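Trainee: Chains as they are written, first to last, in my numbering: chain A, 1 to 283; chain B, 1 to 298.
1. In angstroms with no decimal places, state the Cα-to-Cα distance between residue 110/B and residue 189/B.
2. Kindly provide the ranges of any beta strand (DSSP E) runs that are 3 or more residues long and lie completely inside the region 121-196 of chain B, ordered along the chain.
3. How would you call residue 371/B, buried or exposed, if buried means at least 16 neighbouring beta carbons within 10 angstroms?
4. If you measure between the beta carbons of residue 201/A and residue 166/A, is that distance less than 9 Å?
5. For residue 249/B, which of helix, strand or coil comes out of DSSP?
6. In terms of alpha-carbon separation, which member of 252/A, 241/A, 159/A, 248/A lies closest to residue 36/A?
7. Is residue 289/B close to chain A, meaning its C-beta is less than 9 Å from at least one C-beta of that chain?
8. Using a cut-off of 7 Å between C-beta atoms, extract the partners of residue 113/A located in chain B.
9. Answer yes or no: do residue 182/B and residue 106/B have a C-beta to C-beta separation smaller than 9 Å?
10. Which partner residues does residue 119/A have in the DSSP bridge list?
11. Decide if the region 75-86 of chain A is in contact with the region 220-238 of chain A; the criterion is three or more beta carbon pairs, one per stretch, under 8 Å apart.
12. Among 133/A, 194/A, 226/A, 161/A, which one has its Cα closest to the Cα of residue 65/A?
13. Starting from the Cα of residue 125/B, find the closest Cα among 274/B, 170/B, 210/B and give me that residue.
14. Quick check on the DSSP output: what are the complete alpha helix (DSSP H) runs of length 4 or more inside the region 91-166 of chain A, in order along the chain?
15. Can the beta-carbon of residue 81/A be found less than 9 Å from the beta-carbon of residue 69/A?
16. Once you ignore the five residues that flank residue 241/B on each side, which residues in its own chain have a CB closer than 7 Å to its CB?
17. Report the rounded CA-to-CA distance for residue 139/B versus residue 30/A, giving the unit in angstroms.
18. Does DSSP put residue 208/A in a helix, in a strand, or in coil?
19. Return the CA-CA distance between residue 48/A and residue 246/A, expressed in angstroms with no decimal places.
20. Is the Cβ-Cβ distance between residue 251/A and residue 27/A less than 9 Å?
21. Here's a check: name, in chain order, each residue in its chain whose Cβ is nearer than 7 Å to the Cβ of residue 50/A, leaving out the five neighbours to either side.
22. Rounded to whole angstroms, what's the CA-CA distance from residue 47/B to residue 269/B? Just pull it up for me.
23. Taking only the alpha-carbon atoms, compute the straight-line gap between residue 148/A and residue 67/A and give it to the nearest angstrom.
24. Taking the straight line between their C-alpha atoms, what separation do you get for residue 227/B and residue 36/B?
25. Give me, in chain order, the residues of the same chain whose beta-carbon lies closer than 6 Å to that of residue 159/A; leave out the 5 immediate sequence neighbours on both sides.
26. Starting from the C-beta of residue 108/A, find all residues in its chain whose C-beta is less than 7 Å away, skip the five residues before and the five after it, and write them out in chain order.
27. Check whether chain A comes within 9 Å of residue 157/B, counting only Cβ atoms and requiring the distance to be less than that.
28. Cβ closer than 7 Å: which chain B residues qualify as neighbours of residue 226/A?
29. Only counting the same chain, and skipping five residues up and downstream in sequence, which positions put a Cβ closer than 7 Å to that of residue 63/A?
30. Quickly, what does DSSP pair residue 236/B with across the bridge? List them, please.
31. Any contact between the region 66-74 of chain B and the region 190-206 of chain B? By contact I mean 3 or more CB pairs, one from each, below 8 Å.
32. With respect to the alpha helix (DSSP H) encompassing residue 22/A, which residues constitute its N-terminal and C-terminal limits?
33. Given this structure, state the Cα-to-Cα distance separating residue 211/A from residue 151/A, to the nearest angstrom.
34. Should residue 49/B be labelled buried (16 or more other beta-carbon atoms within 10 Å of its own) or exposed?
35. Just curious, the beta strand (DSSP E) that residue 105/B is in, first and last residue?
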């Protein structure tokens with residue numbers, strides 16, 4: 001495609017350069033901040049001491065466990081529903097879409113305010129009923145199920161868009177019919193024919209959920225639990241260097257995961273709206 | 001409770017045993033039941049609490065709008081307006097800065113640059129929260145690297161202020177804008193520019209009369225999306241400024257954790273309801289704009 005205003009193209013490097021500066025300087029400065037301790041010169045203590053620091057392993061393991069269970073629950077709820085709607089009840093699709101988008105309208109802090117109110121019903125009104133034990137179990141500090149419930153809700157909008165985009169690219173009906181005429185039942189058709197074709201979308205949904213759970217601070221902090229993000233803030237008062245070091249590492253891990261994902265054939269999260277490839281090359 | 005659990009178990013056994021044509025919508029029942037419990041119950045609790053007034057003297061509670069009125073007065077109103085002002089400023093700046101960045105990427109014609117910027121935007125748009133706050137504290141905070149080396153503190157710079165927060169919010173809002181506006185910029189046909197040029201239009205006139213009007217719905221849609229995103233942000237501000245800048249999210253968390261007078265929990269719920277209303281308005285503006293912009297981009 002012909003470049004129309006080649007003569008005035010000086011603005012482009014300028015814009016890209018300024019953007020690069022703005023986005024790279026905080027990252028570079030964070031790294032410098034962690035290794036250049038005033039009065040002590042250069043050292044990497046902030047990084048080497050992370051693993052031995054009190055609370056690091058427990059909080060990270062808690063976050064990873066929460067993420068694993070959340071991903072499993074989200075996919076188990078969403079995948080059968082979305083596939084079945086596409087196959088047999090397209091009229092219900094707008095309803096499911098609206099329900100999955102509702103959490104976008106309620107900011108996390110408002111959601112946790114409501115959640116906290118519900119949890120207070122336990123001791124206040126239900127102390128003598130069997131439901132009380134459910135409330136206690138929900139808030140078990142070793143594995144707070146209530147956080148899984150909250151994270152599944154918060155992940156619904158992202159996973160819906162990721163899975164819907166994936167399903168749009170696959171002819172589910174033909175796949176299922178083909179599988180059925182080869183003698184598969186419904187479950188086999190889903191697991192052996194549809195899911196392999198949705199691999200990219202499933203990975204995308206799982207990754208977005210993982211990133212959400214690992215970084216989540218609002219709900220966990222206000223409900224009084226201590227997964228990874230809450231732990232970082234807690235240590236930041238006494239060990240500023242280390243809290244920044246952990247932040248840098250968590251960004252790097254996220255980045256590597258994302259690159260691995262796009263390498264595996266998935267698409268970049270955020271770019272969930274499928275852009276037509278014919279337009280991708282447009283100048 | 002039991003009923004919904006049984007309903008949740010139903011579709012799997014039905015499809016597993018291949019009973020004659022289980023209706024497809026059954027598979028959506030677990031999802032809808034889960035949302036009703038995990039999302040619906042807290043939402044109703046929030047609404048109920050916001051509209052419940054406890055009389056501290058008698059201990060009697062009744063329905064009323066006193067909490068909502070209280071949430072729109074004094075310090076609470078200041079916080080609400082502070083949030084709106086911060087989100088509007090940050091969203092406006094991000095839209096202004098994100099558009100040229102996206103245009104630079106789209107018009108460069110370089111596939112590698114495009115992929116790199118969009119991938120980076122995907123990461124950075126999700127890079128909110130605690131790590132973002134700490135990265136900026138390390139850069140421009142009281143003992144941050146740039147603050148120390150450039151002597152910014154002597155010139156009156158403080159990260160823990162309104163403009164400090166704006167600067168930090170731009171870090172995830174600009175990438176979000178790039179992601180939102182890139183498909184719209186892709187939709188601008190080269191022929192339109194050529195046609196404008198053949199009719200004697202300058203580059204500026206082309207943007208003023210052709211490109212911007214076509215982009216307007218997408219731009220406004222992006223703007224409200226950014227506003228909503230900044231408005232709901234809590235972790236970044238909480239980890240960074242504490243309560244130095246009045247924000248509605250910080251007020252709610254203070255009230256929930258009992259840092260203010262006892263009995264303010266319901267005002268926190270009323271503030272939450274205010275936020276939901278504002279976020280709802282944002283979505284009500286965003287969705288029609290989204291639909292309108294897709295008309296040009298089809």
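Even for Gly, the Cβ is constructed at its ideal location relative to N, Cα and C. Since we're looking at a predicted model, the values are computed, not measured.
Mentor: Based on what the coordinates show:
1. As a working mapping, residue 110/B is identified with position 110 in the second chain. As a working mapping, residue 189/B is identified with position 189 in the second chain. If I take the Cα positions, the gap works out to 17 Å.
2. none
3. Within the shown structure, residues of chain B are numbered from 1 to 298, placing residue 371/B beyond reach of any answer.
4. As a working note, residue 201/A is residue 201 in the first chain. As a working note, residue 166/A is residue 166 in the first chain. In contact: residue 201/A and residue 166/A (Cβ atoms closer than 9 Å).
5. For the purposes of this step, residue 249/B is taken as residue 249 along the second chain, with counting starting at 1. Note: residue 249/B maps to helix in three-state DSSP.
6. Position 36 of the first chain holds residue 36/A. Answer by Cα proximity: 241/A.
7. Position 289 of the second chain, counting from 1, holds the residue named residue 289/B. For residue 289/B, the answer is no, since every Cβ of chain A falls outside 9 Å of its Cβ.
8. Residue mapping note: residue 113/A aligns to position 113 of the first chain, counting from 1. Within 7 Å Cβ-Cβ: 46, 252, 256, 268, 269, 272.
9. Within the second chain, numbered from 1, the residue matching residue 182/B stands at position 182. Within the second chain, numbered from 1, the residue matching residue 106/B stands at position 106. Contact flag set, yes.
10. Taking the first chain and counting its residues from 1, one reaches residue 119/A at position 119. Beta-bridge pairing links residue 119/A to no other residue.
11. no
12. Taking the first chain and counting its residues from 1, one reaches residue 65/A at position 65. When only C-alpha atoms are compared, the closest one is 226/A.
13. Here residue 125/B refers to the residue found at position 125 of the second chain. That would be 170/B, whose Cα lies nearest to the Cα of residue 125/B.
14. 93-105, 108-125, 131-138
15. The residue labelled residue 81/A in the question sits at position 81 within the first chain. The residue labelled residue 69/A in the question sits at position 69 within the first chain. Going by C-beta atoms, residue 81/A is not nearer than 9 Å to residue 69/A.
16. The residue you call residue 241/B lines up with position 241 of the second chain. Excluding sequence neighbours, residue 241/B sits near 160, 165.
17. For the purposes of this step, residue 139/B is taken as residue 139 along the second chain, with counting starting at 1. For the purposes of this step, residue 30/A is taken as residue 30 along the first chain, with counting starting at 1. Near 6 Å, if we compare the C-alpha coordinates of residue 30/A and residue 139/B.
18. The sequence position of residue 208/A within the first chain is 208, counting from 1. In this structure, residue 208/A counts as helix in the three-state DSSP scheme.
19. For the purposes of this step, residue 48/A is taken as the residue at position 48 of the first chain. For the purposes of this step, residue 246/A is taken as the residue at position 246 of the first chain. One C-alpha to the other measures close to 11 Å.
20. Here residue 251/A refers to the residue found at position 251 when the first chain is read from its first residue. Here residue 27/A refers to the residue found at position 27 when the first chain is read from its first residue. Yes, Cβ-Cβ distance for residue 251/A and residue 27/A is below 9 Å.
21. Taking the first residue of the first chain as position 1, residue 50/A is located at position 50. Excluding positions up to five away in sequence, the list reads 56, 242, 245, 246.
22. Here residue 47/B refers to the residue found at position 47 of the second chain. Here residue 269/B refers to the residue found at position 269 of the second chain. One C-alpha to the other measures close to 7 Å.
23. Position 148 of the first chain, counted from the start, is the residue given in the question as residue 148/A. Position 67 of the first chain, counted from the start, is the residue given in the question as residue 67/A. The alpha-carbon atoms of residue 148/A and residue 67/A are separated by roughly 8 Å.
24. As a first step, residue 227/B is located in the second chain; it is residue number 227 there, counting from the start. As a first step, residue 36/B is located in the second chain; it is residue number 36 there, counting from the start. Their Cα atoms are separated by approximately 28 Å.
25. Stepping through the first chain from its first residue, residue 159/A is reached at position 159. If we look at residue 159/A and ignore the five residues flanking it on each side, its Cβ neighbours are 74, 78, 205.
26. For the purposes of this step, residue 108/A is taken as residue 108 along the first chain, with counting starting at 1. Cβ within range, chain order: 154, 218, 219.
27. Residue numbering aside, residue 157/B sits at position 157 when the second chain is read from its first letter. No, residue 157/B lies away from the interface with chain A (no Cβ there is under 9 Å from its Cβ).
28. Position 226 of the first chain, counted from the start, is the residue given in the question as residue 226/A. Those within 7 Å of residue 226/A in chain B number zero; the least Cβ separation is about 13 Å.
29. Taking the first residue of the first chain as 1, we reach residue 63/A at position 63. Excluding sequence neighbours, residue 63/A sits near 213, 214, 227, 228.
30. Here residue 236/B refers to the residue found at position 236 when the second chain is read from its first residue. DSSP, once it has assigned bridges, lists no residue as partnering residue 236/B.
31. no
32. As a position in the first chain, residue 22/A is number 22, starting the count at 1. Residue 22/A -> alpha helix (DSSP H) spans 11-35.
33. For the purposes of this step, residue 211/A is taken as residue 211 along the first chain, with counting starting at 1. For the purposes of this step, residue 151/A is taken as residue 151 along the first chain, with counting starting at 1. Each residue's Cα considered, the two are about 11 Å apart.
34. In the second chain, residue 49/B corresponds to position 49, counting from 1. Flag for residue 49/B reads buried.
35. By one-based count along the second chain, residue 105/B stands at place 105. No beta strand (DSSP E) holds residue 105/B; the alpha helix (DSSP H) holding it covers 74-108.
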